[in-house]
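J.: Position 253 of the sequence shown, counting from 1, maps to 257 under the working numbering, and the rest follow consecutively.
Built from N, CA and C at the ideal position, the CB exists for glycine as well.
Have a look at this one before I ask anything.
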Amino acid sequence: MKILVITQYYFPEQFKINDICETLVKNGHTIQVLTGLPNYPKGIIFDEYKQGKNRIETINGVHIERSYLVGRGSGTISLALNYLSFMLSSSIKALFMKEQYDAVFVYQLSPVLMAFAGLVYKWKNKVPLYLYCLDLWPESMKVTLKNEKSLIYKSVSFISKLIYKKCDKIGVTSKPFINYLSDKHGVNLDKIHYLPQHGYEIFSSSDDFYVEHEGINISYFGNIGKAQDFECLVRNIDKVNENVFFHIIGGGSELENLRKLVNQNHLNLRIKLHGYMKKDDLTALYQLTDICFLSLKPDSSIGDTLPSKMIEYLSVGKPVLAFAGGSIKELIEEAECGYCVDYGNDEEFIEKINLLASNRNQRENFGRNGRVYFDEHFTKQQFISNLENQLYDLIGGTKNV
């Protein structure tokens, strides 16, 4: 297949779409990526892409064309400009693309506006559009924009509905997304299917999962934004075993606020902020981790999201402690890989931390269960095979076995 992939984020930014595209190339497909200028997570355009440099590249067999965008910056206005500039510039490029592709594949993170270029190419060239939905819109806006009656929210809601309804097929990473898209945007249920994200196999052998160390390390890996709750750690750290230490690895819009909160409460020795790290550098930290942690606020349907970090936690054979609900709770219970505490229940949260911290056998059992579940449901091979089947079905072709 010849596939036009549209995503606002691509290498050297670290997202799974990089791996997906390169694997599709290895499987014999021709992949053209239409993307933006790298600037995530710091919000500043990378030096090697400034002043018109490297707008067209080929990396590991993937052809890449980059559209202009404004860097994310650190404020709401610059982020809005980032979203709008990519939507406009990529749509113009899509309109004047001369190459014919069999299908358009939109890897839809935030914002959904990035998919607009896909609609343009679909309309002009009469080819099917497959959208892989990792973030729900306009639902994702509710984390920062509470007023659903505002002009901004209504405008984005209108565009979101237009994009989702015009797609020929939509893959979703969490099952609750199906009803949301149907109920909120009127998308035909026949167009939507569940396609969970794949995880990275960081360790090739279970012998690599663990390195002996002092204390109990509870680690979070991922984005630090408004959707996550780290205040629960600050509130409760003095109530858990003094041998327990929290490690927060990642960057995001709330990192500096979290740093201030930790400093104000003099918790630097118990809650350690490591900042953003490249994926290749995470292996040692996973080996030193006893328990993987995640927290997701239930402010909206975003609380039903199954984050990619959850799948990665399963892959490294570590028990999971979650402060959430929805899809996360269902998965933890089904996989028997840890504990999920209902959001806001601090007393039970403290209890589960101390329980896991004091019971190594239980931690190892949960970790093994998680890895087994990962191997059965979330490998890259399974994901790519399912994605290819969906794309072949969309264009009326068949996959060569």
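Just to confirm, is the Cβ distance from Leu398 to Pro115 under 8 Å?
T.: Taking the sequence shown and counting its residues from 1, one reaches residue 398 at position 394. Taking the sequence shown and counting its residues from 1, one reaches residue 115 at position 111. No, these two residues do not count as a Cβ contact at 8 Å.
J.: Can you look up Ser209 in the DSSP assignment and give me helix, strand or coil?
T.: Indexing the sequence shown from 1 puts residue 209 at position 205. Here the model assigns Ser209 a pLDDT of 49, short of 50, so the residue's position is not dependable, and the following value carries that caveat. Ser209: coil per DSSP, three-state reduction.
J.: Please say whether Cys171 and Lys188 have beta carbons closer to each other than 8 Å?
T.: As a working note, residue 188 is residue 184 in the sequence shown. As a working note, residue 171 is residue 167 in the sequence shown. Cβ atoms of Lys188 and Cys171: not closer than 8 Å.
J.: Mind pulling the alpha helix (DSSP H) runs of 4 or more residues that sit fully within the stretch 325-382?
T.: Fully enclosed alpha helix (DSSP H) runs of 4 or longer: 330-339, 350-361 and 364-381.
J.: Got a sec? Which residues, its chain only, sit under 7 Å from Lys128 by beta carbon, not counting five neighbours each side?
T.: The sequence position of residue 128 within the sequence shown is 124, counting from 1. Taken in chain order, the residues that qualify are Leu99.
J.: Counting Cβ pairs closer than 8 Å, one from the stretch 310-327 and one from the stretch 340-348, do we hit at least three?
T.: These segments touch.
J.: For Lys6, which three-state DSSP category applies?
T.: For the purposes of this step, residue 6 is taken as residue 2 along the sequence shown, with counting starting at 1. Three-state DSSP puts Lys6 in a strand.
J.: In or out: Lys243 buried (at least 16 other Cβ within 10 Å) or exposed?
T.: One-based indexing of the sequence shown puts residue 243 at position 239. It is exposed - the Cβ of Lys243 has fewer than 16 other Cβ atoms within 10 Å.
J.: Would the beta-carbon of Ile357 fall within 8 Å of that of Leu335?
T.: Position 353 of the sequence shown, counted from the first residue, corresponds to residue 357. Position 331 of the sequence shown, counted from the first residue, corresponds to residue 335. No, they are not a contact pair.
J.: Please report the distance separating the alpha-carbon of Pro323 from that of Tyr168.
T.: For the purposes of this step, residue 323 is taken as the residue at position 319 of the sequence shown. For the purposes of this step, residue 168 is taken as the residue at position 164 of the sequence shown. About 36 Å.
J.: Just grab the DSSP bridge partners of Thr39 for me.
T.: Residue numbering aside, residue 39 sits at position 35 when the sequence shown is read from its first letter. Answer is Arg70, bridged to Thr39.
J.: Please report the straight-line C-alpha distance between Glu338 and Pro200, rounded to a whole angstrom.
T.: Walking along the sequence shown from the start, residue 338 turns up at place 334. Walking along the sequence shown from the start, residue 200 turns up at place 196. Using only the alpha carbons, I get a separation of about 15 Å.
J.: Under the criterion of a Cβ to heavy atom distance below 7 Å, does Asn363 qualify as lining the ligand FMN?
T.: Judged by which ligands are present, the structure shown has none, so any question about the ligand FMN falls away.
J.: Which residue or residues does DSSP assign as beta-bridge partners of Asn221?
T.: Taking the first residue of the sequence shown as position 1, residue 221 is located at position 217. In DSSP, Asn221 forms a bridge with Phe249.
J.: Contact between the stretch 274-282 and the stretch 246-255: three or more CB pairs below 8 Å?
T.: Flag = yes, the stretch 274-282 and the stretch 246-255 touch.
J.: Within the continuous beta strand (DSSP E) that includes Thr177, where are the two ends?
T.: Start at 1 with the first residue of the sequence shown, and residue 177 comes out as number 173. First-last for Thr177: undefined, no H or E at that position.
J.: Residues bridged to Cys296 by DSSP?
T.: Numbered from its first residue, the sequence shown carries residue 296 at position 292. The partner list for Cys296 (beta bridge, DSSP) reads Ser223 and Val324.
J.: Check this for me: beta carbons of Asp294 and Ile182, under 8 Å apart or not?
T.: Translated into the one-based positions of the sequence shown, residue 294 becomes position 290. Translated into the one-based positions of the sequence shown, residue 182 becomes position 178. Their beta carbons are not under 8 Å apart, which means Asp294 does not touch Ile182 by this criterion.
J.: Apply the 10 Å Cβ neighbour rule to Leu193 and answer buried if 16 or more other Cβ atoms are within range, or exposed otherwise.
T.: Numbered from 1 along the sequence shown, position 189 holds the residue referred to as residue 193. Leu193 is exposed by the Cβ-count criterion.
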